[in-house]
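195 is the number of the first residue of the sequence shown in the working numbering; add one for each residue after it. Positions of the beta carbon are idealized from the N, C-alpha and C atoms, including for glycine. Fair warning: this is a prediction, and the values are worked out from it, not measured in the lab. The structure appears below as structure tokens.
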Amino acid sequence: MIMRLRLQQAVQENDYYFRGFVTMTDLAELFRAYPFREETLEKAAIHRRNMEQGISPFSVTLRAAPDTERDAEGDDLIFQDAQWEIRDGKSRVAAVTEMTEEELADCEAEVKIFLLTEEKMEKMEQNRF
Numbered sequence: 195m196i197m198r199l200r201l202q203q204a205v206q207e208n209d210y211y212f213r214g215f216v217t218m219t220d221l222a223e224l225f226r227a228y229p230f231r232e233e234t235l236e237k238a239a240i241h242r243r244n245m246e247q248g249i250s251p252f253s254v255t256l257r258a259a260p261d262t263e264r265d266a267e268g269d270d271l272i273f274q275d276a277q278w279e280i281r282d283g284k285s286r287v288a289a290v291t292e293m294t295e296e297e298l299a300d301c302e303a304e305v306k307i308f309l310l311t312e313e314k315m316e317k318m319e320q321n322r323f
């Protein structure tokens, strides 16, 4: 199944790195069937309770294959891939997948997208530390 992500106010930093914003509603829909680990879901329950008072801005880092299809629509980029991987922000994303559209209305997350193989992403993260 192809999963479509609209990156709003998209900025392309280089050949493989993009950043922008995604509505919380879109983020929740995109990752509703994501295979979250049990410990991630436990942390998500805590975030979910805190988010009931209001959702604070947060960022998410995603990885997709280098050949991920993308199209431009104004200032937005539309990415289409069958397998998105959440590299950072998993528990918060898991929390929003359990929330209603009304709770998520008018909220967005900063999203960083890397179009890299899993091996190159891991190597890049290791070099950062």
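Please go through the same chain and pick out, in chain order, the residues whose beta-carbon is closer than 6 Å to the beta-carbon of residue i, but skip the five residues on each side of it.
| i | result |
| --- | --- |
| residue 281 | 255 and 257 |
| residue 271 | 201, 204 and 264 |
| residue 301 | 218 and 249 |
| residue 216 | 303 and 305 |
Please identify the residue among the options whose C-alpha is closest to the C-alpha of residue i.
| i | options | result |
| --- | --- | --- |
| residue 249 | 219, 223, 234 and 227 | 219 |
| residue 284 | 252, 244 and 196 | 252 |
| residue 247 | 197, 303, 277 and 293 | 293 |
| residue 234 | 277, 290, 211 and 206 | 290 |
| residue 288 | 206, 277 and 230 | 230 |
| residue 227 | 197, 304 and 244 | 197 |
| residue 345 | 296, 222, 299 and 274 | Nothing in the structure corresponds to residue 345, since the chain is present only between 195 and 323. |
| residue 224 | 319, 320 and 279 | 279 |
| residue 214 | 266, 259, 236 and 232 | 266 |
| residue 209 | 319, 321, 259 and 236 | 259 |
| residue 206 | 232, 273 and 236 | 273 |
Ordered along the chain, which non-local residues of its own chain (more than five positions away) have a Cβ less than 8 Å from that of residue i?
| i | result |
| --- | --- |
| residue 269 | 202, 203 and 204 |
| residue 245 | 289, 290, 293 and 297 |
Going by DSSP, which residues form a beta bridge with residue i?
| i | result |
| --- | --- |
| residue 214 | 305 |
| residue 275 | 197 |
| residue 280 | 256 |
| residue 205 | 213 |
| residue 266 | 271 |
Drop a sphere of 10 angstroms on the beta-carbon of residue i, count the other beta-carbons inside from all chains shown, and report buried for 16 or more, exposed for fewer.
| i | result |
| --- | --- |
| residue 317 | exposed |
| residue 261 | exposed |
| residue 275 | buried |
Apart from the five residues just before and just after residue i, which ones in its own chain have a Cβ nearer than 7 Å to its Cβ?
| i | result |
| --- | --- |
| residue 323 | Legend: pLDDT at residue 323 = 48, less than 50; position of this residue unreliable, no value from coordinates given. |
- Quick one: any contact between the stretch 236-249 and the stretch 308-321, if contact means 3 or more CB pairs under 8 Å? no
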